[in-house]
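Participant: Sharing a structure with you now.
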Amino acid sequence: MTTKISTRLLIMSDTHGEEMKYKCVADADVAIHCGDLTEESKLHEFKTALQTLQSVRAPLKLVIAGNHDFTLDIPAFKRKLSAIDPPLDDALLKREYGNFGEARALLESEEAKAAGIHLLDEGTHTFQLANGSTLTVFASPYTCSLSANWGFQYRPDEEHEWSLQPGTDIAITHSPPLGVLDRTGDGKRAGSPSLFAAVASARPQVHCFGHIHESWGAKKIHWREEAAAADSSPPTHFTSIDNDRSLLIESLARMTVKPTDTVETKSEKETRVAAYTANGHCSAASGHEIQAGAQTLFVNAAIEGSEEGMQQFPWLVDIKLPRTVVSSDSDKGRPSKKRKRAGERLGSAVT
1 MTTKISTRLL
11 IMSDTHGEEM
21 KYKCVADADV
31 AIHCGDLTEE
41 SKLHEFKTAL
51 QTLQSVRAPL
61 KLVIAGNHDF
71 TLDIPAFKRK
81 LSAIDPPLDD
91 ALLKREYGNF
101 GEARALLESE
111 EAKAAGIHLL
121 DEGTHTFQLA
131 NGSTLTVFAS
141 PYTCSLSANW
151 GFQYRPDEEH
161 EWSLQPGTDI
171 AITHSPPLGV
181 LDRTGDGKRA
191 GSPSLFAAVA
201 SARPQVHCFG
211 HIHESWGAKK
221 IHWREEAAAA
231 DSSPPTHFTS
241 IDNDRSLLIE
251 SLARMTVKPT
261 DTVETKSEKE
271 TRVAAYTANG
281 HCSAASGHEI
291 QAGAQTLFVN
301 AAIEGSEEGM
311 QQFPWLVDIK
321 LPRTVVSSDS
331 DKGRPSKKRK
341 RAGERLGSAV
351 T
């Protein structure tokens, strides 16, 4: 039997150019940021995001873009600029946003590399970790939008191909899947049906995302075996999830005190939140072991809250990964294999 190594993840998303209020007191093997590093994709926001990532206690930090990080998607950035009438002053544009490719260069700088930061393009990436394990992730910054005028977006009639393969340990996307932690403030679901189908087919140990701030939380899904055997139609959250064996670990609704709560319920919620605050994170680690292939832990790690100045907690998660022989210390935390969709390395430097 192959030895598995316990690996700790710290997951966050949607920091939107702000410093994080809650500082995780625990060390992690891998930190993950699921996009929207910025609010307006300005250089000073990327610098704040870089400082935030540098402060995280993890040797490897995996980062994807979100729709707000549109300067990392140069075609989208150029479309936004062309739509502005009158055009922005060149000096102002350069001061606020930098040259084309400058934001990406910041996240791929020697300073970022020294902190273990890797900006991931869409595709599959494999890393040898410092703890001696191998981690395979699928990354994608894409979200669906009617207007599709922000970064890394597509329209509903276009859909998107998610090349998520079986054997992937973690899916890192900005978009949520349809049906899991994707309800907006008005109660509507905003996730991607094709993304859910891809995740249900590949069954990674963890799928982490953000984008829909109101649905912050974590849910451990148990997959229906009969759904896996039926391949006549794409998997959906109605057909693929065994709700009786699934577990909502935490959500905003579960920890928010309501006027109808009993004294005991109010006290229990306040105690949980106090613990999260003291630890600087919410945990889906101890006591929440994931059965690889049978379960997937879904984590909406959006940090920015729905009210001005409000922040939500990052997530601490434990998974088990296969042991790998590391050839040299210089390989630790570095990608050993990288597959990307052709032509989708958006944001390479343009002058």
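Using the UniProt record's numbering, the first residue of the sequence shown is number 1, and each one after it goes up by one.
We treat Cβ as the ideally placed atom computed from N, Cα and C, and that holds for glycine.
Inspect the beta-carbon positions of residue 207 and residue 296 and report whether they are closer than 8 Å.
Facilitator: As a working note, residue 207 is residue 207 in the sequence shown. As a working note, residue 296 is residue 296 in the sequence shown. Yes. Within cutoff.
Participant: Alpha carbon to alpha carbon, how far is residue 13 from residue 211?
Facilitator: Your numbering for residue 13 matches position 13 in the sequence shown. Your numbering for residue 211 matches position 211 in the sequence shown. Straight-line Cα distance between these residues: approximately 8 Å.
Participant: For residue 336 and residue 166, what's the separation of their Cα atoms in angstroms?
Facilitator: Residue mapping note: residue 336 aligns to position 336 of the sequence shown, counting from 1. Residue mapping note: residue 166 aligns to position 166 of the sequence shown, counting from 1. In this prediction, residue 336 scores a pLDDT of 49, lower than 50, which makes its location untrustworthy; the coordinate-derived value is nonetheless stated afterwards. In a straight line, the C-alpha of residue 336 is about 18 Å away from that of residue 166.
Participant: Under the three-state reduction of DSSP, which class applies to residue 244: helix, strand or coil?
Facilitator: In the sequence shown, the residue the question calls residue 244 occupies position 244. Looking at residue 244 - three-state DSSP - the assignment turns out to be helix.
Participant: Can you tell me the Cβ-Cβ gap for residue 209 and residue 237, rounded? I've got them flagged as a contact below 8 Å.
Facilitator: As a position in the sequence shown, residue 209 is number 209, starting the count at 1. As a position in the sequence shown, residue 237 is number 237, starting the count at 1. Not really, about 14 Å apart at Cβ, beyond 8 Å.
Participant: Considering only the beta carbon of each residue, do residue 174 and residue 73 sit closer than 8 Å?
Facilitator: Counting from 1 along the sequence shown, the entry for residue 174 is found at position 174. Counting from 1 along the sequence shown, the entry for residue 73 is found at position 73. Result no, Cβ atoms of residue 174 and residue 73 do not sit closer than 8 Å.
Participant: In the DSSP assignment, what are the bridge partners of residue 352?
Facilitator: This structure cannot settle anything about residue 352, because the visible part of the chain is limited to 1 through 351.
Participant: Under the assumption that residue 99 contacts residue 151 (Cβ atoms under 8 Å), give the Cβ distance between them as a whole number of angstroms.
Facilitator: Position 99 of the sequence shown, counted from the first residue, corresponds to residue 99. Position 151 of the sequence shown, counted from the first residue, corresponds to residue 151. 17 Å between Cβ atoms; not a contact.
Participant: Residue 213: buried (16+ other C-beta within 10 angstroms of its C-beta) or exposed?
Facilitator: Numbered from 1 along the sequence shown, position 213 holds the residue referred to as residue 213. The residue is buried, with at least 16 neighbouring Cβ atoms inside 10 Å.
Participant: Let's test the definition: count the other Cβ atoms within 10 Å of the Cβ of residue 226 and tell me whether it reaches 16, buried, or not, exposed.
Facilitator: By one-based count along the sequence shown, residue 226 stands at place 226. Its Cβ having fewer than 16 others within 10 Å, residue 226 is exposed.
Participant: Can you tell me the Cα-Cα spacing of residue 19 and residue 232, whole angstroms?
Facilitator: Looking up residue 19 in the sequence shown gives position 19. Looking up residue 232 in the sequence shown gives position 232. Rounded to the nearest angstrom, the two C-alpha atoms are 47 Å apart.
Participant: Determine the direct distance from the alpha carbon of residue 53 to that of residue 114, and round the result to whole angstroms.
Facilitator: Position 114 of the sequence shown holds residue 114. Position 53 of the sequence shown holds residue 53. Computed Cα separation, rounded: 11 Å.
Participant: From which residue to which residue does the alpha helix (DSSP H) around residue 146 run?
Facilitator: The residue given as residue 146 occupies position 146 in the sequence shown. No alpha helix (DSSP H) contains residue 146, which DSSP labels as neither H nor E.
Participant: Ignoring anything shorter than 3 residues, give me the beta strand (DSSP E) runs that lie fully in the stretch 136-212, in order along the chain.
Facilitator: If we require 3 residues or more, the beta strand (DSSP E) runs fully inside the stretch 136-212 come out as 170-173 and 206-209.
Participant: Three or more C-beta pairs closer than 8 Å, one from the stretch 264-275 and one from the stretch 293-308: is that the case here?
Facilitator: No: the two stretches stay apart, fewer than three of their Cβ pairs being nearer than 8 Å.
Participant: Could you give the DSSP three-state label for residue 237: helix, strand or coil?
Facilitator: Taking the sequence shown and counting its residues from 1, the one referred to as residue 237 is at position 237. Residue 237: helix per DSSP, three-state reduction.
Participant: So who's on the other strand from residue 318, going by DSSP bridges?
Facilitator: Position 318 of the sequence shown, counting from 1, holds the residue named residue 318. Paired residue(s): 8.
Participant: Please name the residue in 323, 301 and 312 whose C-alpha comes closest to that of residue 9.
Facilitator: Numbered from 1 along the sequence shown, position 9 holds the residue referred to as residue 9. Measuring from the Cα of residue 9, the nearest candidate turns out to be 301.
Participant: Under three-state DSSP, which class holds residue 82?
Facilitator: Position 82 of the sequence shown, counting from 1, holds the residue named residue 82. Correct three-state label for residue 82: helix.
Participant: Identify whether residue 330 lies in helix, strand or coil by the three-state DSSP scheme.
Facilitator: In the sequence shown, the residue the question calls residue 330 occupies position 330. Residue confidence for residue 330 is low, a pLDDT of 47 falling below 50, so the modelled location carries little weight and cannot support an answer.
Participant: So, with DSSP's three-state summary, where would you put residue 13?
Facilitator: In the sequence shown, counting from the first residue as 1, residue 13 sits at position 13. Of the three classes helix, strand and coil, the one that applies to residue 13 here is strand, per DSSP.
Participant: Given this structure, state the Cα-to-Cα distance separating residue 330 from residue 25, to the nearest angstrom.
Facilitator: Position 330 of the sequence shown, counted from the first residue, corresponds to residue 330. Position 25 of the sequence shown, counted from the first residue, corresponds to residue 25. Note that residue 330 scores a pLDDT of 47, beneath 50, so its modelled location is shaky and nothing firm can be said.
Participant: In whole angstroms, what is the alpha-carbon distance linking residue 43 and residue 259?
Facilitator: Here residue 43 corresponds to residue number 43 of the sequence shown, with the count starting at 1. Here residue 259 corresponds to residue number 259 of the sequence shown, with the count starting at 1. Their Cα atoms are separated by approximately 43 Å.
Participant: Counting along the chain, where does the alpha helix (DSSP H) carrying residue 47 start and finish?
Facilitator: As a working note, residue 47 is residue 47 in the sequence shown. Here the alpha helix (DSSP H) through residue 47 covers 43-55.
Participant: Determine the direct distance from the alpha carbon of residue 82 to that of residue 4, and round the result to whole angstroms.
Facilitator: Here residue 4 corresponds to residue number 4 of the sequence shown, with the count starting at 1. Here residue 82 corresponds to residue number 82 of the sequence shown, with the count starting at 1. For residue 4 and residue 82, the distance between alpha carbons rounds to 52 Å.
Participant: Can you give me the C-alpha to C-alpha distance between residue 30 and residue 267, rounded to a whole angstrom?
Facilitator: Within the sequence shown, the letter at position 30 stands for residue 30. Within the sequence shown, the letter at position 267 stands for residue 267. Cα to Cα, the separation comes out at about 33 Å.
Participant: Within this structure, are the beta carbons of residue 193 and residue 178 separated by less than 8 Å?
Facilitator: Locating residue 193 in the sequence shown gives position 193, where the first residue counts as 1. Locating residue 178 in the sequence shown gives position 178, where the first residue counts as 1. Contact flag set, yes.
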